[in-house]
Amino acid sequence: MPRQPRLELPGVPMHVVQRGVNRCAIFLDDEDRHHYCLLLRVACERFAVRVHAFVLMDNHVHLLVSADKAGAVSSAMRLSGQSYVQAFNLRHWRSGTLWQGRFKSCLVQTERYVLTVLRYIGLNPVRARMVELPAEYRCSSVHTHLGLAKSQLITSHEVYLHLGCDAAERVSVYASGFMRV
Numbered sequence: 001m002p003r004q005p006r007l008e009l010p011g012v013p014m015h016v017v018q019r020g021v022n023r024c025a026i027f028l029d030d031e032d033r034h035h036y037c038l039l040l041r042v043a044c045e046r047f048a049v050r051v052h053a054f055v056l057m058d059n060h061v062h063l064l065v066s067a068d069k070a071g072a073v074s075s076a077m078r079l080s081g082q083s084y085v086q087a088f089n090l091r092h093w094r095s096g097t098l099w100q101g102r103f104k105s106c107l108v109q110t111e112r113y114v115l116t117v118l119r120y121i122g123l124n125p126v127r128a129r130m131v132e133l134p135a136e137y138r139c140s141s142v143h144t145h146l147g148l149a150k151s152q153l154i155t156s157h158e159v160y161l162h163l164g165c166d167a168a169e170r171v172s173v174y175a176s177g178f179m180r181v
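Quick note: the sequence shown uses full-length UniProt numbering, first residue 1, plus one each step.
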C-alpha cells in the first residue's frame, strides 16, 4: 500500500517529530547534536524552511518549522536526515538506518496551537525528567526564546514576536508559560 502524501500548506507551521529506530539513541554526544543542527540549518536554508523551535532529545527530535512552498519541509528533512545518518554512521563505525521511518508531522494552524507547541517543545526535557527547568537543557531553542543565547538556526515565529512589544516583554510572557506545568 503506498504512503499517504504528507500535507504541507505554504506558510502553515508544522510540528515535526523524528525518532530513532527502536527508540535508540540518535545522539551519543554533543558533537552529534552540534552536527545535526548544522546539517539541519544547511538543509533548511537550501529549501527556505524556517525553524521556529527545536529540542534534541537522546532518541528523537521535535521541530516547529514553516515554509512558503509546499514540499519544502519534506525536502529539508530528507536532506538533513540522510546527511546526518551518513555522518553518524561514519563517525560511530556503524551501518544501517537510524530513523524509524518517515518523520511524523501535523499542521499547527492557530496562534494558540503555535504557543502550545512552543511550550511543549521547551518542556520536553522537563517531562522526561532530564532537567528541572527548561533552560537547564542545552540542546533546545528555549535559550533563544528566553533571550539567553542567539541561534543561527532559529527564526522567531510571528506569534512569538507578538507576545510583547519588546524583547524583555516577550521573554517574560514566554517564560510565564512554563510556570503553568
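Beta carbons: idealized from backbone N, C-alpha and C, even for Gly.
query: Strand pairing of Q18, partner residues [DSSP]; result: V61
query: Cut-off 8 angstroms between Cβ atoms - residues of its own chain near Q152, not counting five sequence neighbours on either side; result: R41
query: Separation of S80 from K150, as counted between CA atoms; result: 21 angstroms
query: S74, DSSP secondary structure in three states; result: helix
query: Residue range of the alpha helix (DSSP H) that includes H143; result: 142-145
query: Among N89, H145, F88, Q18, the one whose alpha carbon lies nearest that of A53; result: H145
query: Sequence-distant residues of its chain with Cβ nearer than 7 angstroms to residue 184 (five each side left out); result: No answer is possible for residue 184: it lies beyond the span of the chain, which begins at 1 and ends at 181.
query: Straight-line gap, E169 to L56 (C-alpha atoms, nearest Å); result: 27 angstroms
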